[in-house]
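Heads up: the sequence shown begins at 7 in the numbering used here, then just goes up one per residue. We put the beta carbon where it would ideally sit given N, CA and C, even for glycine. Reviewing the structure listed below.
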Amino acid sequence: MSLVLVTVNKGHIHNVKFYDNVSLALEEFATYVKSMNLNEADAAVYDSDGVIANAKDILKISQQSIDEAVKEIIDAKKKEIIYIIANPVHSLGFLNIGIYEPIGYKDPIEALIALEKLRNKQGIHIKLYRAELVDSPVMKRDRLEKDNIKKNRVDFEYPIVEEYLS
């Protein structure tokens, strides 16, 4: 997950910082918000879907609640993240793997423990990935139709994957 923290001071962009970790981004956001001058500064954290935290919205809540508001945002975002472990150089192609079977992890601690065990057995080429829900089209329908004709897939049911086609 890519996130960006943008801070503004006196109407000018003061700092732009990129993160892969939602907790770290929002903790730094909270630290900035607690010390900023409300009349001169602003801050926001964005992900690929848009704003996930805005300083002025959070400051409408009492000062003691900033940490609570940020924690709620972190918890909501963490629930969305699924970690998978895979071998990106397997002879069959990208291969999702696990200690006993390939699974996804919601808890990054569990994912790192499994990754350490798998790297001990199989090598450091084993990588940790974040799986994202795809909720928008990934391809034009006509391109898929042409590929299906070319590869003689006559029984493909387009309505089953319609939300991923434009």
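Under DSSP, Arg136 forms a beta bridge with Tyr89. In the DSSP assignment, Ile103 is bridged to Ile91.
Only exposed fits Tyr106, as fewer than 16 other CB atoms lie within 10 angstroms of its CB. Of Tyr52, Lys133, Lys157 and Val167, the smallest CA-CA separation from Lys146 is found for Val167.
Annotated three-state conformation of Asn45 is coil, per DSSP. In this model, Ser142 and Ile109 are separated by some 24 Å (Cα to Cα). Judged by their CB atoms, Lys112 and Ile88 are nearer to each other than the 8 Å cut-off. Secondary-structure assignment with DSSP links Thr13 through a beta bridge to Asn21 and Ala49.
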